[in-house]
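Asker:
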Amino acid sequence: MSDLLELYPPEIRDHARKPRNRRRLECVDATARGDNPLCGDRVEVFLRLEDGRIAEASFLGRGCDVSQASASMLTGAVGGLGSKAALDLSEKVREMARIGTVPDGERFEVLRSLAGAAKFPSRVKCATLAWVTLEAALRGGQEASSE
Amino acid sequence: MSDLLELYPPEIRDHARKPRNRRRLECVDATARGDNPLCGDRVEVFLRLEDGRIAEASFLGRGCDVSQASASMLTGAVGGLGSKAALDLSEKVREMARIGTVPDGERFEVLRSLAGAAKFPSRVKCATLAWVTLEAALRGGQEASSE
Amino acid sequence: MDLALAPLDVQRIRQDFPILSQTVRGRPLVFLDSGASAQKPRQVMDAMRACMETAYANVHRGAYHLSEVATENHEASREAARRFLNAARVEEIILTGGSTSAINLVAHSFGRGMLKPGQRVLVSEMEHHANLVPWQMLRDDGRGIGLGFIRITDAGELDLDSLHAELRKGDVGLVAVTHMSNVLGTVTPAGAIARMAHEHGARVLFDGSQAAVHRRVDVQALDADFYAFTGHKLYGPTGIGVLYAKHELLEAMPPFLGGGDMIETVTLERSTWAAPPARFEAGTPPIIEAAGMKAAIEYVEAIGMEAMEAHERSLVDHAMRVLPEVEGLTLVGSAQDRGGVFSFSLDAAHPHDLSTFVDRRGICIRAGRHCAEPLHERLGLESGSARASFGLYTTHGEIDALAEALREARRFFA
Amino acid sequence: MDLALAPLDVQRIRQDFPILSQTVRGRPLVFLDSGASAQKPRQVMDAMRACMETAYANVHRGAYHLSEVATENHEASREAARRFLNAARVEEIILTGGSTSAINLVAHSFGRGMLKPGQRVLVSEMEHHANLVPWQMLRDDGRGIGLGFIRITDAGELDLDSLHAELRKGDVGLVAVTHMSNVLGTVTPAGAIARMAHEHGARVLFDGSQAAVHRRVDVQALDADFYAFTGHKLYGPTGIGVLYAKHELLEAMPPFLGGGDMIETVTLERSTWAAPPARFEAGTPPIIEAAGMKAAIEYVEAIGMEAMEAHERSLVDHAMRVLPEVEGLTLVGSAQDRGGVFSFSLDAAHPHDLSTFVDRRGICIRAGRHCAEPLHERLGLESGSARASFGLYTTHGEIDALAEALREARRFFA
Ligand SMILES: Cc1ncc(COP(=O)(O)O)c(C=O)c1O
Ligand SMILES: Cc1ncc(COP(=O)(O)O)c(C=O)c1O
Numbered sequence: 758m759s760d761l762l763e764l765y766p767p768e769i770r771d772h773a774r775k776p777r778n779r780r781r782l783e784c785v786d787a788t789a790r791g792d793n794p795l796c797g798d799r800v801e802v803f804l805r806l807e808d809g810r811i812a813e814a815s816f817l818g819r820g821c822d823v824s825q826a827s828a829s830m831l832t833g834a835v836g837g838l839g840s841k842a843a844l845d846l847s848e849k850v851r852e853m854a855r856i857g858t859v860p861d862g863e864r865f866e867v868l869r870s871l872a873g874a875a876k877f878p879s880r881v882k883c884a885t886l887a888w889v890t891l892e893a894a895l896r897g898g899q900e901a902s903s904e
Numbered sequence: 758m759s760d761l762l763e764l765y766p767p768e769i770r771d772h773a774r775k776p777r778n779r780r781r782l783e784c785v786d787a788t789a790r791g792d793n794p795l796c797g798d799r800v801e802v803f804l805r806l807e808d809g810r811i812a813e814a815s816f817l818g819r820g821c822d823v824s825q826a827s828a829s830m831l832t833g834a835v836g837g838l839g840s841k842a843a844l845d846l847s848e849k850v851r852e853m854a855r856i857g858t859v860p861d862g863e864r865f866e867v868l869r870s871l872a873g874a875a876k877f878p879s880r881v882k883c884a885t886l887a888w889v890t891l892e893a894a895l896r897g898g899q900e901a902s903s904e
Numbered sequence: 037m038d039l040a041l042a043p044l045d046v047q048r049i050r051q052d053f054p055i056l057s058q059t060v061r062g063r064p065l066v067f068l069d070s071g072a073s074a075q076k077p078r079q080v081m082d083a084m085r086a087c088m089e090t091a092y093a094n095v096h097r098g099a100y101h102l103s104e105v106a107t108e109n110h111e112a113s114r115e116a117a118r119r120f121l122n123a124a125r126v127e128e129i130i131l132t133g134g135s136t137s138a139i140n141l142v143a144h145s146f147g148r149g150m151l152k153p154g155q156r157v158l159v160s161e162m163e164h165h166a167n168l169v170p171w172q173m174l175r176d177d178g179r180g181i182g183l184g185f186i187r188i189t190d191a192g193e194l195d196l197d198s199l200h201a202e203l204r205k206g207d208v209g210l211v212a213v214t215h216m217s218n219v220l221g222t223v224t225p226a227g228a229i230a231r232m233a234h235e236h237g238a239r240v241l242f243d244g245s246q247a248a249v250h251r252r253v254d255v256q257a258l259d260a261d262f263y264a265f266t267g268h269k270l271y272g273p274t275g276i277g278v279l280y281a282k283h284e285l286l287e288a289m290p291p292f293l294g295g296g297d298m299i300e301t302v303t304l305e306r307s308t309w310a311a312p313p314a315r316f317e318a319g320t321p322p323i324i325e326a327a328g329m330k331a332a333i334e335y336v337e338a339i340g341m342e343a344m345e346a347h348e349r350s351l352v353d354h355a356m357r358v359l360p361e362v363e364g365l366t367l368v369g370s371a372q373d374r375g376g377v378f379s380f381s382l383d384a385a386h387p388h389d390l391s392t393f394v395d396r397r398g399i400c401i402r403a404g405r406h407c408a409e410p411l412h413e414r415l416g417l418e419s420g421s422a423r424a425s426f427g428l429y430t431t432h433g434e435i436d437a438l439a440e441a442l443r444e445a446r447r448f449f450a
Numbered sequence: 037m038d039l040a041l042a043p044l045d046v047q048r049i050r051q052d053f054p055i056l057s058q059t060v061r062g063r064p065l066v067f068l069d070s071g072a073s074a075q076k077p078r079q080v081m082d083a084m085r086a087c088m089e090t091a092y093a094n095v096h097r098g099a100y101h102l103s104e105v106a107t108e109n110h111e112a113s114r115e116a117a118r119r120f121l122n123a124a125r126v127e128e129i130i131l132t133g134g135s136t137s138a139i140n141l142v143a144h145s146f147g148r149g150m151l152k153p154g155q156r157v158l159v160s161e162m163e164h165h166a167n168l169v170p171w172q173m174l175r176d177d178g179r180g181i182g183l184g185f186i187r188i189t190d191a192g193e194l195d196l197d198s199l200h201a202e203l204r205k206g207d208v209g210l211v212a213v214t215h216m217s218n219v220l221g222t223v224t225p226a227g228a229i230a231r232m233a234h235e236h237g238a239r240v241l242f243d244g245s246q247a248a249v250h251r252r253v254d255v256q257a258l259d260a261d262f263y264a265f266t267g268h269k270l271y272g273p274t275g276i277g278v279l280y281a282k283h284e285l286l287e288a289m290p291p292f293l294g295g296g297d298m299i300e301t302v303t304l305e306r307s308t309w310a311a312p313p314a315r316f317e318a319g320t321p322p323i324i325e326a327a328g329m330k331a332a333i334e335y336v337e338a339i340g341m342e343a344m345e346a347h348e349r350s351l352v353d354h355a356m357r358v359l360p361e362v363e364g365l366t367l368v369g370s371a372q373d374r375g376g377v378f379s380f381s382l383d384a385a386h387p388h389d390l391s392t393f394v395d396r397r398g399i400c401i402r403a404g405r406h407c408a409e410p411l412h413e414r415l416g417l418e419s420g421s422a423r424a425s426f427g428l429y430t431t432h433g434e435i436d437a438l439a440e441a442l443r444e445a446r447r448f449f450a
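Protein chains in written order, with my numbering: chain A, 758 to 904; chain B, 758 to 904; chain C, 37 to 450; chain D, 37 to 450.
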């Protein structure tokens, strides 16, 4: 059982049960939708920018606990970041979910719970879907796919 | 060595070295060309008919000893046969080359030397090419293929 | 001996499958994903090895003994497939790389070669992508060939009224439907479908990827024009499948892939085509795989298709009793005639999470849309489903273990 | 250690190939048909068995551990092929059923998907049918794509002037040529061909079916746009091959076969395509074969391509000395740069008869046109030729045995 908790640590289960910022924003400056067609997971990310920084982030979606918890955490983690910093963070999160090593930095106190996915290769995509979508939104894309 | 002689008994080697009726006929009532595209073997059969019987048969061709000897033997074996009888004989020869059992009948005194091909599955086509071509000629076809 | 009465000795059979004695974290491996690909018995592995160790050479080409033996063995595999499907002639058996290649072959050689502009292909809403995407690609190829859909009922059965309505439009050239759904387990009434199609002048293709593993198939009795199955689901190797097609069709169809062994003559400018089946088998064939597939066919023949069917019926009955007892579980589809494939969802957990959870107990099930996205849309299952599918080595105990693990999952994710 | 200096321990290597210890009527088997298909070492058989015994499940699909392991192993085979060809990215490696499927894939996805009406494909006169017929079929598909031919010299080398003259016409979209002839042994100057093609805006495909077995291939150094090879000639299993293609091309190319695993989304009406390589790999891939091919690549890597090349050079030198000494023997082709494939004819005997004769002495050679009819026409060899082709297990003694048997054949058929 123990290693099941690596994929589903308390933070993940908490965010999956009580997703934060799960709504559409009123004013959206950037948005994108991400799909994992193999399993049907979907995440839409909405961003409101102020002076080039993310003032507010929210998401809508459906899917497994990991994908939805990851999206929920994302909305909390990117607040205040400029576009470049958000892209940087996103790449780090994706790397972490892939190899399991948690980078330094306060933003990773919550996000570190996504590192467990690395031990479940077929679930890495669940953990990264929201982040791929964030990147698409920031780059002005409309759609992203984790496949 | 012995079983090599089953494919190349003296009759085959004799007909291969001294092919009979290896020429184009002056008056041709029926003819066809047969090809084995895999190896390039080719046999053309020419027939002159009299009162519905084969009055004269000849061949031209190129290829291995077995295919050319078989064609040479054919020209001797079909003389005097009506179309139906010639088709019958041809089918028997093909069957013999495939399964190795020699049918009764005087026409098989020479033709029996083609039965050895049965022990060499990839050479059966060599032994039957001329006969397939004969059938095509009798049925009014132009081309035959052993493939 | 009446094979239908001979019970399957599952424990003995399991000993033929080395992988099944694996343990996962101290628990026995419970493999419930045979619908995606089945495990292989020792007999199949041995046959492949024997092919390589004792009788290997390229086939159809060499005039030397070893190549002749290899060719005979290879053609014996074709004959085994003919017998398995009860095809009338061995030339009606095309060896392909799998069901997907087989169906694509039909979409090209028959679809592009023989269908006429204005004609339509009909597929059902429950097709595997392998029997949908090739027809979409044909439709989009600018040849004026259309694509229509046969609806399914809410129970997950083929809606024969819908088929009839489509056929009556008079423009259907081919009906291409699954013989058994890889999601719902539904077995379709292939004989009736063929009859209806033929009455309206249409040809019929059955995707037998699942059905051939679970039912005795007789292409002549079904009057199938095309029938496809895939070796790896039939306890055979990957990389091989079979396309059955009526000889008259094969004779009229142009080739699909170009290369060696499928030609009669070649010049730089022109080629002419060999007779079937060679015309449709360009290049070096799957020689080692054919040996494995033959062994797989002989393996199931030795057990007896009737015994396998009886075993499967008992598994299906057991699953139908045990799975619905799991609180929060909803089965997908409720066809009358069904094989050993069960898709389901659980209220408390996403299929992906479920699959990961039961995997930690050594239980292998699939989660997702099982290459049947339109079907999942049709059934409102946007998150896909979880799927357990059975093989001849599956036991009642394994189904019980799944049910128990699903209960635990429900507690975990609640 | 300088591998080029390490002699190949042929006797040790032969022990890896169980089939080579066979005797035929009391004489050792002399297998000189590796150009048609090579024998397999134990390591390949073991890898295939291990895949089935310990880590088998369908790949890319399951969220359970066994399937994850199978997927990792499968992707490791792709990585092995990338390393073998020195491709820049692993996504540039498409696993196919063999060279024939690989070239047909290019003829469809690139040929029909990206070439423009009025453009031509150039092939040479010495192509295997696998690299000729698909282009004839493309030409005849009504899309306005033409087909041109690069001449060869009487020595059996590619005539670069002819290539240049064709390229200068300005309408060439693709040059598709063999990297090594399966009849003449000629190794073509691939780097120079690619340079010339690129200077004229054409893409280039190399049929590496033979070359990849005999030479180190570096697709980046060659600047190849497409490169194809086939597993079974590289001591691996049948049913698997590799298409390398530059990523920018793969990204722009539409898919070839439709089915599972190659799509991004599917509705009844529309599908969108997955990114390469998945886009070009519809259906269940050759999972067991990929394990075997990886083992084969590792096998030749462990021996060292340089050592293999050195061994082959010594075989070629020996054959060039020994074979022409056989009275009445004429070698086909006399290219400067050649690999271990020798076609020949004998004055006294038809190739077919020759092959049967030496077979009785346990010697396997091919007779016929070796799937290269136009080349045989070009060289005036209407009766085909006999062919001996070498593998890494071939010995000088085997070449001597062939020469001796040819002498006897001449006496027999004289
Ligand atoms: C030069 C060449 N190209 C292509 C092929 C076709 O390879 P395969 O039959 O494995 O598809 C071969 C071998 O048969 C060959 O020698
Ligand atoms: C119903 C059905 N059709 C087609 C296929 C495709 O078979 P393959 O992947 O072996 O080509 C499958 C399995 O994946 C299937 O279940």
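Backbone N, C-alpha and C define an ideal beta-carbon position, used for all residues, glycine too.
Could you tell me which residues DSSP puts in a beta bridge with residue 188 of chain D?
Answerer: For residue 188 of chain D, which the question treats as bridged, DSSP gives the partners D:194.
Asker: Would you mind stating whether residue 429 of chain C and residue 53 of chain C have Cβ atoms separated by less than 7 Å?
Answerer: Yes, the Cβ-Cβ distance between residue 429 of chain C and residue 53 of chain C is below 7 Å.
Asker: Check each residue of the region 57-70 of chain D: if its Cβ is closer than 7 Å to any Cβ of chain B, include it; give the result in chain order.
Answerer: Within the region 57-70 of chain D, no residue has a Cβ that lies closer than 7 Å to any Cβ of chain B.
Asker: Use the C-beta contact count for residue 75 of chain C: other C-beta atoms within 10 angstroms, 16 or more gives buried, fewer gives exposed.
Answerer: Burial call: buried.
Asker: How big is the Cα-Cα spacing for residue 900 of chain A and residue 804 of chain A?
Answerer: Between residue 900 of chain A and residue 804 of chain A, the C-alpha separation is close to 15 Å.
Asker: Are there any heavy atoms of ligand 2 lying less than 6 Å away from the beta-carbon of residue 166 of chain C, as far as the coordinates show?
Answerer: Yes, ligand 2 has a heavy atom inside 6 Å of this Cβ.
Asker: Please name the residue in A:824, A:807, A:831 whose C-alpha comes closest to that of residue 815 of chain A.
Answerer: Selected option, being the one with the closest Cα: A:831.
Asker: According to the Cβ coordinates, are residue 195 of chain C and residue 188 of chain C closer than 7 Å?
Answerer: Going by C-beta atoms, residue 195 of chain C is nearer than 7 Å to residue 188 of chain C.
Asker: Check whether chain D comes within 7 Å of residue 822 of chain B, counting only Cβ atoms and requiring the distance to be less than that.
Answerer: Residue 822 of chain B counts as touching chain D.
Asker: Under a CB-based cut-off of 7 Å, is residue 185 of chain D close to chain C?
Answerer: By this cut-off, residue 185 of chain D is an interface position.
Asker: Please confirm whether residue 879 of chain A has its beta-carbon closer than 7 Å to some beta-carbon of chain F.
Answerer: Of the protein chains in the structure, A, B, C and D, none is chain F.
Asker: Locate the alpha helix (DSSP H) running through residue 335 of chain D, then write down its first and last residues.
Answerer: 323-339 is the extent of the alpha helix (DSSP H) around residue 335 of chain D.
Asker: So with CB distances below 9 Å, who are the chain A contacts of residue 108 of chain D?
Answerer: Within chain A, the residues near residue 108 of chain D are 878.
Asker: For the beta strand (DSSP E) that residue 135 of chain D lies in, which residues bound it at each end?
Answerer: That residue, residue 135 of chain D, is in no beta strand (DSSP E); its alpha helix (DSSP H) goes 135-141.
Asker: Indicate whether residue 446 of chain D and residue 371 of chain D have their beta-carbon atoms separated by less than 7 Å.
Answerer: No, the Cβ-Cβ distance between residue 446 of chain D and residue 371 of chain D is not below 7 Å.
Asker: Going by the beta-carbon positions, is the gap between residue 777 of chain B and residue 857 of chain B smaller than 7 Å?
Answerer: Cβ atoms of residue 777 of chain B and residue 857 of chain B: not closer than 7 Å.
Asker: Please report the distance separating the alpha-carbon of residue 215 of chain C from that of residue 229 of chain C.
Answerer: Rounded to whole angstroms, residue 215 of chain C to residue 229 of chain C spans 10 Å at the Cα level.
Asker: Return helix, strand or coil for residue 104 of chain C, following the three-state DSSP convention.
Answerer: Helix, per DSSP.
Asker: Tell me the rounded alpha-carbon separation between residue 869 of chain B and residue 359 of chain D.
Answerer: Cα-Cα distance, rounded: 37 Å.
Asker: Any heavy atom of ligand 1 closer than 6 Å to the CB of residue 70 of chain D?
Answerer: Every heavy atom of ligand 1 is 6 Å or more from the Cβ of residue 70 of chain D, so no.
Asker: According to DSSP, which residues form a beta bridge with residue 157 of chain D?
Answerer: Partner(s): D:183, D:210.
Asker: The alpha helix (DSSP H) with residue 782 of chain B in it runs from where to where?
Answerer: Unbroken run through residue 782 of chain B: none, as it is neither H nor E.
Asker: Could I get the ranges of all uninterrupted alpha helix (DSSP H) runs contained in the region 346-398 of chain D, with 4 residues as the minimum, in chain order?
Answerer: Segments of the alpha helix (DSSP H) lying fully in the region 346-398 of chain D: 387-395.
Asker: Out of curiosity, what's the CA-to-CA distance linking residue 434 of chain D and residue 261 of chain D?
Answerer: Going by the C-alpha atoms only, they are around 38 Å apart.
Asker: Just by C-beta distance, which residues in the region 803-819 of chain B are closer than 8 Å to chain D?
Answerer: Residues passing the 8 Å Cβ filter: 819.
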